[in-house]
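For reference, the structure is listed below as structure tokens.
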Amino acid sequence: MKFTEEHEWLRIEGDLVVVGITEHAAEQLGDVVFIELPDTETEVTKDEEVVVIESVKAASDILAPIDGEIVEVNEMLVDDPGKVNEDPQNDAWFFKMKTDDLSQLDDMMDEAAYKAFIG
Amino acid sequence: MSDLKRTQLFDLHVELGAKMVPFAGYEMPVQYPLGVMKEHIHTRENAGLFDVSHMGQVIVRPKSGNVADAALALETLVPVSISALKEGRQRYGMFTNDDGGIMDDLMIANRGDQLFVVVNAACKGADIAHMRAHMSDQCDIDVIEDRALLALQGPLAEAALASITSVATEMKFMDVVIAPSDFGDLWISRSGYTGEDGYEISVAQDQAIAFSRALLAQNGVQPIGLGARDSLRLEAGLCLYGNDIDETTSPVEASLHWAIQKARRAGGDRAGGFPGADRILKELENGTSRLRVGILPDGRAPMRAHTMLFASADATEPMGEITSGAFGPTIGKPMSMGYVASEYAASGTRIFAELRGKRMPATVADMPFRPSTYKR
């Protein structure tokens, strides 16, 4: 699993990249109450806002961590946003991306580096 | 957070695992390990204990010894009938300014020989100066610095407080008493700011932690932070000073006309005579161009403070603005309050809010969003 400074995790699953937010991020957000997911079959570029996530505290955006195409979104989160607090690094993934260039993940943090990053 | 003040309960909050944040000049618990959503639901289903010691507690003592003189003096600053407030009763009110705006909202209690008022933390300095400037001929304004203030709210609040003083069961909504206890005299009112039955209790500072521990040991009582306090008061349709009401909003615009009794309105026994009376009395007769209303968004997306409101999906000019908005854990959907042009204020009116560049539909709704359970 790879991690970004925006507190997203990326997991390679076959030829797809699965994206979610970290336990640390979920904890900082507090109870999640609303999630707006992107349309599938959408080409996105790195740092484009793709998901709106609102907690009891505030609204925040999730940015596309890499260039690619959104091919699948986790519809379950729309009906049960609280899942993000329960299981952020497994069941509560946000979207799956297809990319031609997996080397985009090379410079990202591994788990140890991310742990050091969040202190 | 070195410039911030701490309440007497600071060490207990930390011990209980609270996340402390700056609020109105104090380091206050925004949430405990339970989290905002569960704390909210716990309060509605069981009981929650809140530290509200940052709020201002003030005794208004009539120099004549006659509380009626203190009532008349305070009536020069609030549009509320204090003279008709019976001994042992409390009432909601607001300090108005010369323009008819709201300087602060407050609770006023008649304790027989004096008035006891509770004001907001962020406004307390200004409120006290205001009372001293205008009431000192008739009253001494004593700021209470040596007492903590707790709120105990929810369906199990009565049983929890009754374990400490049996008077708890005898009180009705907005009753006030001074009750002796193992923790010294408790100044109790059966009130609060969550829409739940419950109490606000002033206790001597040196007893505050022991008293809190005694309440937390009772069945179903959990400590609750400011995060849940905010969603609870919003579900109950109650205003947060600085968000929903401020110096630019009049009590009538804020839909708080119910707090202005007949005696203070045009034609009443003690009509007017408070700051901004010209505007406020006229608004009571003729209405206002905008009103505070409840708003229920169609979808799940919360519409938060400062979201602009429109009459239609393509209207170019906003006709209102949201002043508070959050997810309502008990109602299970988002809720907001805000000001709309009066022609859109009727319950059921369809309106639109601009969220992230998109016009999202919502409906003007009656408040409270969740029926209150006060013990009347």
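Keeping their order, the protein sequence lines are chains A and B.
What the first sequence shows, in the numbering used here, is residues 1 to 119, in sequence order.
What the second sequence shows, in the numbering used here, is residues 1 to 376, in sequence order.
From the three backbone atoms N, C-alpha and C, an ideal C-beta is built for every residue, glycine too.
On a predicted model such as this, the values are computed, not experimentally measured, just so you know.
{"Check": "Bounding residues of the beta strand (DSSP E) (the contiguous stretch that carries A:Lys98)", "Outcome": "95-98"}
{"Check": "Distance cut-off 7 Å: B:His13 Cβ against heavy atoms of the ligand SAM", "Outcome": "The model on display carries no ligand, and the ligand SAM is accordingly not part of it."}
{"Check": "C-alpha gap between A:Ala92 and A:Asn74, whole angstroms", "Outcome": "7 Å"}
{"Check": "Assigned exposure category for B:His306 - 16 Cβ within 10 Å defines buried", "Outcome": "exposed"}
{"Check": "Whether B:Asp104 touches B:Phe116 by CB criterion (8 Å)", "Outcome": "no"}
{"Check": "Segment contact, 8 Å Cβ cut-off, at least three pairs: the segment 199-209 of chain B with the segment 279-298 of chain B", "Outcome": "no"}
{"Check": "Backbone secondary structure at B:Ala122 - three-state DSSP", "Outcome": "helix"}
{"Check": "Candidates A:Ile66, A:Pro88, A:Leu77, of which the one nearest A:Asp47 by Cα", "Outcome": "A:Ile66"}
{"Check": "Coarse secondary structure for B:Tyr344, derived from DSSP in three states", "Outcome": "helix"}
{"Check": "Closest by C-alpha distance to B:Val58, when choosing among B:Phe327, B:Lys124, B:Leu85", "Outcome": "B:Lys124"}
{"Check": "Helix, strand or coil at A:Lys83 [DSSP, three-state]", "Outcome": "helix"}
{"Check": "Interface flag, B:Gly320 vs chain A, CB-CB below 8 Å", "Outcome": "no"}
{"Check": "Same chain, Cβ closer than 6 Å to B:Leu85, five either side skipped, listed in chain order", "Outcome": "Arg91, Asn110"}
{"Check": "Any chain A beta carbon closer than 8 Å to B:Met37", "Outcome": "yes"}
{"Check": "Selection of the segment 32-45 of chain A by Cβ proximity to chain B, strictly under 8 Å", "Outcome": "Val33, Phe34, Glu36"}
{"Check": "Bridge-paired residues (DSSP) for B:Ala326", "Outcome": "B:Met335"}
{"Check": "Those runs of the beta strand (DSSP E) which lie wholly inside the segment 16-80 of chain B and span at least 3 residues", "Outcome": "19-23, 26-31, 47-51, 56-62"}
{"Check": "Nearest candidate by alpha-carbon position, reference A:Val78, set B:Glu15, B:Ala301, B:His134, B:Asn97", "Outcome": "B:Ala301"}
{"Check": "Chain-ordered neighbours of A:Glu86 on chain B, where CB pairs are closer than 9 Å", "Outcome": "Simply none; closest approach about 12 Å."}
{"Check": "The segment 40-48 of chain B in contact with the segment 15-29 of chain B per 3-pair CB rule at 8 Å", "Outcome": "no"}
{"Check": "Under 9 Å from the C-beta of B:Ser231: neighbouring residues of chain D", "Outcome": "Structure shown: chain D not included; protein chains present are A and B."}
{"Check": "Residue range of the alpha helix (DSSP H) that includes A:Phe117", "Outcome": "111-118"}
{"Check": "Helix, strand or coil at B:Glu285 [DSSP, three-state]", "Outcome": "helix"}
{"Check": "CB-CB length for B:Tyr80 against B:Arg264, believed under 8 Å", "Outcome": "The sequence given here has Val at residue 80 of chain B, not Tyr. Yes, they are in contact, since the Cβ atoms of B:Val80 and B:Arg264 sit about 7 Å apart, within 8 Å."}
{"Check": "Chain-order list of residues whose beta-carbon lies under 7 Å from that of B:Pro368 (same chain, five-residue window excluded)", "Outcome": "Gly195, Glu235, Ala236, Gly237"}
{"Check": "Distance, A:Ala64 Cα to B:Phe183 Cα", "Outcome": "57 Å"}
{"Check": "Pairwise C-alpha distance: B:Ser289 and B:Val252", "Outcome": "10 Å"}
{"Check": "For A:Ile70 and A:Glu43, the rounded distance between their alpha carbons", "Outcome": "6 Å"}
{"Check": "Among B:Tyr193, B:Gly192, B:Ala162, nearest to B:Ala179 - alpha-carbon criterion", "Outcome": "B:Ala162"}
{"Check": "B:Thr76 to B:Ala271 span [Cα, whole Å]", "Outcome": "11 Å"}
{"Check": "In DSSP terms, what B:Thr363 is bridged to", "Outcome": "B:Leu296, B:Arg350"}
{"Check": "Cβ of A:Val52 within 8 Å of any chain B Cβ", "Outcome": "yes"}
{"Check": "Where B:Met1 falls, given that 16 or more other Cβ within 10 Å makes a residue buried", "Outcome": "Residue confidence for B:Met1 is low, a pLDDT of 48 falling below 50, so the modelled location carries little weight; the figure read from the coordinates is stated next. Exposed: under 16 other Cβ atoms inside 10 Å."}
{"Check": "Range of the contiguous alpha helix (DSSP H) that encloses A:Glu23", "Outcome": "23-29"}
{"Check": "CA-to-CA distance, B:Gly338 to A:Met97, given in whole angstroms", "Outcome": "40 Å"}
{"Check": "As assigned by DSSP and simplified to three states, the class of B:Gln378", "Outcome": "No information on residue 378 of chain B is available, as it lies outside the stretch 1 to 376 that chain B covers here."}
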